[in-house]
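Reviewing the structure listed below.
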Ligand SMILES: Cc1cc2nc3c(=O)[nH]c(=O)nc-3n(C[C@H](O)[C@H](O)[C@H](O)COP(=O)(O)O)c2cc1C
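Numbering (my numbering), first residue to last: 40 to 244.
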């Protein structure tokens, strides 16, 4: 059982990291392997809609996106963490996720997704919705907690004082573990849901 964790904050030891580390403690206790990758301070450009990935199944820009794609393919669950910037996710993370999800063709069905957001004060639930949409267009069930998965803090380290936020992260990691284990059992017993050939109607015909 393996979880891939992407931290979209440019601050490696910032507040998003505190939330993600709180989850890792639970994954460790539950014997779930986890790998945390910081991408927020990397130079990751956006998608240029060249369509080259339609044929190749990988991005035309051979950077972290293509490097991390096999880890995504291999994992049972994906956690995405982001600081809130102007009531939205960090732009580097959005560029990374857009290219990762668009360029890869492997089946993501039933990999469990969880997003974690961090802010001084506002824009948390909008960012949470934004990130969850990567999962919900990909057949990925979304793990949830006792509250929306957010933590508060401005200066790096402040999130450690948010007792409720930390609890939300622990509960989220436990719920996510339960979902991943249940899905693994379900796959063994029933297999993945039947696939239909994709229909695309672009609203013009
Ligand atoms: C460019 C920028 C925009 C920000 N926008 C918001 C915002 O919309 N709402 C908010 O509450 N905090 C905002 N913040 C504060 C960060 O979300 C906050 O400092 C958070 O702890 C950063 O997480 P990190 O330590 O993981 O990087 C912003 C910070 C920056 C640098």
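Where is the CB? At the ideal position from N, CA and C, for every residue including glycine.
Please read these numbers as outputs of a predicted model, since none were measured by experiment.
Test item: CB-CB of residue i and residue j under 9 angstroms
i, j, result
"residue 107", "residue 155", "no"
"residue 145", "residue 225", "no"
"residue 40", "residue 148", "no"
"residue 204", "residue 53", "no"
"residue 182", "residue 153", "yes"
"residue 151", "residue 184", "no"
"residue 100", "residue 212", "no"
"residue 117", "residue 42", "yes"
Through-space distance from residue j to residue i, alpha-carbon basis
i, j, result
"residue 180", "residue 115", "11 angstroms"
"residue 78", "residue 45", "7 angstroms"
"residue 159", "residue 132", "19 angstroms"
"residue 55", "residue 129", "11 angstroms"
"residue 218", "residue 140", "22 angstroms"
"residue 62", "residue 243", "45 angstroms"
"residue 189", "residue 85", "26 angstroms"
"residue 80", "residue 98", "20 angstroms"
"residue 142", "residue 241", "19 angstroms"
Residue i: CB within 8 angstroms of a non-hydrogen atom of ligand 1
i, result
"residue 95", "no"
"residue 170", "no"
"residue 180", "no"
"residue 295", "Since the displayed the chain opens at 40 and closes at 244, residue 295 lies outside it and no answer follows."
"residue 75", "no"
"residue 154", "no"
"residue 14", "With the chain running from 40 to 244 in the structure shown, residue 14 is simply not present."
Residue range of the beta strand (DSSP E) that includes residue i
i, result
"residue 119", "116-124"
"residue 46", "41-46"
"residue 75", "72-77"
"residue 153", "151-158"
"residue 190", "189-191"
Endpoints, the alpha helix (DSSP H) within which residue i is located
i, result
"residue 198", "Premise fails: residue 198 is in no alpha helix (DSSP H) and is neither H nor E."
"residue 112", "103-113"
Unbroken stretches of the beta strand (DSSP E), 3 residues or longer, contained in the segment 199-234: none
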